[in-house]
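Participant: Pasting in a structure now, in structure tokens, and then I'll have a few things to ask.
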Amino acid sequence: MSDSARLHLLLFAYYYPPENTSGAARPARLTRYLPEANIHCHVIAHGHPPPDQARPDTTYVLPGHGRPLPETLCRFTQRYLLRINERLDWVPAALAAAHDHARSHPVDAIFSTSPPLAPHLAALAFHRHSGLPWIADFRDPLAGNATRVHRLFNYDPALERRIFRHASLCLANTDGLADQWRQRHPAHASKIHLLWNGFDPAVAPPSPQPRPPGPKIILHAGSLYANRRPENFLHALAALAQSGDVKPADWQAVLLGPTAPDTFIHSQSERAQLETAGLLHVDSRLASREEAAQAQADADILLLLDIPERDNSIQVPAKLFDYARTGQPIIAWTPDGSPARRLLEQAGPDVLCLSPLTPTAEAAARLAAFLRRPLTRRPLNPAFAEAFDGRRQALTLASAIRALKRI
């Protein structure tokens, strides 16, 4: 443990273990490793888990436990004025829990992570009341995010400016987002820090288990929502099925994870064709993290889907780091020059990257050639493993937090 003076960080995270979502993993890694730098974390999280699943040093709160008037206003605004579920009804309860904690425990700095926006709104209010330094962490962009479609007006640019004005640090999870911020907020460039997503080195990926005889598996593990849809992959796979280049005895694609009502809006016929042929299985369950990790280890090829509608992207799907650690070959639909493509090409595993704008015939031909290659697990590139080690990232963040307090 660090010999530096102990600091106390109050962390707002709507998603936090035992919540089974990818958004819970980043704050969980930070709270695991920041104590090594003598930064103690207390988390304000959503939920009411059973006692045997609750995390220590965590206050779980549900809507309905804040001041009545703010809760009524938040519920009304969320229900009638907003199209995006910002989880506004959680903000008053989270803020009340933060004030309760601060009355009997020291707090030196505030941290919040989004999406949803509720943690940032609670942290902003607590910061304005307390004057404590605030670190605002963005796991997705706010302004300019094509997946954020508004009902009445686009409040994202104004809210982003307000966050940058008040926060002491703003954390981007990709270099592309950090670059955009520097262009939009030049006066606050010194506040912008890059904290990539990564992996928890304390959690080793499982070993592959023996499988009964059957087709080789191409797996996408995780939710399909908003603009993350599988039409490019399904169009190419359907073309190979029609030409006879892939057969159900040899291959099956598995989509494991929740889907949205419009997930297959541009690939309904291809989905029906592939499911009928036995080349596609859609399992829309929310699998546990353990089940999803085992499925990734057991698959023959892993499928990564970036934004399919545009040939630009500044985000990196969080599952990329889990995929890379398996050593399995990876097929990715991601734009040329995207952060995801750059990281995949550095990671170590065998990779096929296709642009969303690649014509179906060309994508199908390249996919067929990749499927004919020997399937080989490759070790993680040591430089990649070091750069995206969650412990190392947390300790780097700890230095930035201490710089704010000058301790």
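Residue 253 in the numbering used here is what sits at position 239 of the sequence shown, and the numbering runs on without skipping anything.
All residues carry an ideal CB built from backbone N, CA and C; glycine is no exception.
Computed from a prediction, not measured in an experiment: that's the story for all the values here.
May I have the straight-line CA-CA distance separating Asn211 from Ala39, to the nearest angstrom?
Facilitator: Going from the Cα of Asn211 to the Cα of Ala39 covers about 9 Å.
Participant: What residue range is occupied by the uninterrupted beta strand (DSSP E) comprising Trp265?
Facilitator: 265-270 is the span of the beta strand (DSSP E), which, as asked, contains Trp265.
Participant: In angstroms with no decimal places, state the Cα-to-Cα distance between Ala301 and Ala19.
Facilitator: Distance between the alpha carbons of Ala301 and Ala19 is about 41 Å.
Participant: Below 8 Å between beta carbons: does that hold for Gly362 and Arg387?
Facilitator: Not closer than 8 Å, so no.
Participant: In whole angstroms, what separates the C-alpha of Leu173 from that of His141?
Facilitator: Whole-angstrom Cα-Cα distance: 15 Å.
Participant: Should Arg299 go down as buried or exposed, given a rule of 16 or more other Cβ atoms within 10 Å for buried?
Facilitator: Its Cβ having fewer than 16 others within 10 Å, Arg299 is exposed.
Participant: What is the residue span of the alpha helix (DSSP H) that Ser433 lies within?
Facilitator: The chain is shown only over 15 to 421; residue 433 falls outside these bounds and no answer can be derived.
Participant: Quick one: what's Tyr74 bridged to in DSSP?
Facilitator: Looking at the DSSP assignment, Tyr74 forms a beta bridge with Ala59.
Participant: Which residues in the same chain have their Cβ closer than 8 Å to the Cβ of Arg117, if we skip the five residues on either side of it in sequence?
Facilitator: So no residue of the chain qualifies.
Participant: Among the residues of its own chain, which have a CB less than 8 Å from the CB of Val163, if the five just before and after it don't count?
Facilitator: For Val163, where only same-chain residues beyond five positions count, the Cβ hits under 8 Å are Arg97, Ile98.
Participant: Mind checking which residues open and close the alpha helix (DSSP H) that includes Thr410?
Facilitator: Run containing Thr410: 404-419, per the alpha helix (DSSP H) assignment.
Participant: Cα separation between Ile345 and Cys88?
Facilitator: Using only the alpha carbons, I get a separation of about 42 Å.
Participant: From the DSSP secondary-structure annotation, give me the bridge partner or partners of Lys230.
Facilitator: According to DSSP, Lys230 bridges with Trp265.
Participant: What is the DSSP secondary structure of Phe278, counted as helix, strand or coil?
Facilitator: The answer is coil: DSSP assigns Phe278 none of H, G, I, E or B.
Participant: Compute the beta-carbon to beta-carbon distance between Ala338 and Leu269, rounded to the nearest angstrom, for a pair I have assumed lies under 8 Å.
Facilitator: About 20 Å separates the two Cβ atoms, so there is no contact after all.
Participant: Identify whether Ala181 lies in helix, strand or coil by the three-state DSSP scheme.
Facilitator: Ala181: coil per DSSP, three-state reduction.
Participant: Taking the beta carbon of Ala235 as the centre, do at least 16 other beta carbons fall within 10 Å, making it buried, or is it exposed?
Facilitator: Under this definition Ala235 is a buried residue.
Participant: With distances taken between CB atoms, is the gap from Arg405 to Pro272 smaller than 8 Å?
Facilitator: It is not a contact, given that the beta carbons lie outside the stated cut-off.
Participant: Mind checking whether the beta-carbon of Ala263 lies closer than 7 Å to any heavy atom of the ligand FMN?
Facilitator: In the structure on display, the ligand FMN does not appear, and there are no ligands present to speak of.
Participant: Between the region 189-208 and the region 224-240, are three or more C-beta pairs nearer than 8 Å?
Facilitator: Contact between the region 189-208 and the region 224-240 is absent, because fewer than three Cβ pairs lie under 8 Å.
Participant: Could you round the C-beta distance between Phe247 and Trp347 to whole angstroms and report it? I think they count as a contact, below 8 Å.
Facilitator: Going by Cβ atoms, the distance from Phe247 to Trp347 rounds to 6 Å, so yes, they are a contact pair.
Participant: For Val365, which residues does DSSP report across the bridge?
Facilitator: Answer is Ile344, bridged to Val365.
Participant: To the nearest angstrom, how far is it from the Cα of Ala307 to the Cα of Leu166?
Facilitator: Straight-line Cα distance between these residues: approximately 40 Å.
Participant: Using CA coordinates, which residue listed in Pro82, Pro147, Asp364, Ala377 is at the minimum distance from Leu418?
Facilitator: With distances taken between Cα atoms, Leu418 lies closest to Pro147.
Participant: Asp154 to Ala332, Cα distance in whole Å?
Facilitator: So the two alpha carbons sit approximately 11 Å from each other.
Participant: Do you know how far the Cα of Val217 is from the Cα of Gln407?
Facilitator: C-alpha separation (whole angstroms): 15 Å.
Participant: Assuming Ala27 contacts Thr127 under a Cβ cut-off of 8 Å, what Cβ separation, rounded to an integer in Å, is found between them?
Facilitator: 5 Å between Cβ atoms; contact.
Participant: In the structure shown, what three-state DSSP assignment does Phe140 receive?
Facilitator: It is helical.
Participant: Quick one: what does DSSP say Ser126 is sitting in, helix, strand or coil?
Facilitator: The answer is strand: DSSP assigns Ser126 an E or B state.
Participant: Let me see if you follow: with CB-CB separation under 8 Å, is Ala216 close to chain B or not?
Facilitator: Looking for chain B here will not work: only one protein chain is present.
Participant: Going by beta-carbon coordinates alone, are Tyr30 and Thr86 separated by less than 8 Å?
Facilitator: Contact: no.
Participant: Could you pull out every residue in the same chain whose Cβ sits closer than 8 Å to the Cβ of Lys230, ignoring the five residues on either side in sequence?
Facilitator: Around Lys230: Asp264, Trp265, Gln266, Asp314, Ile315, Leu389.
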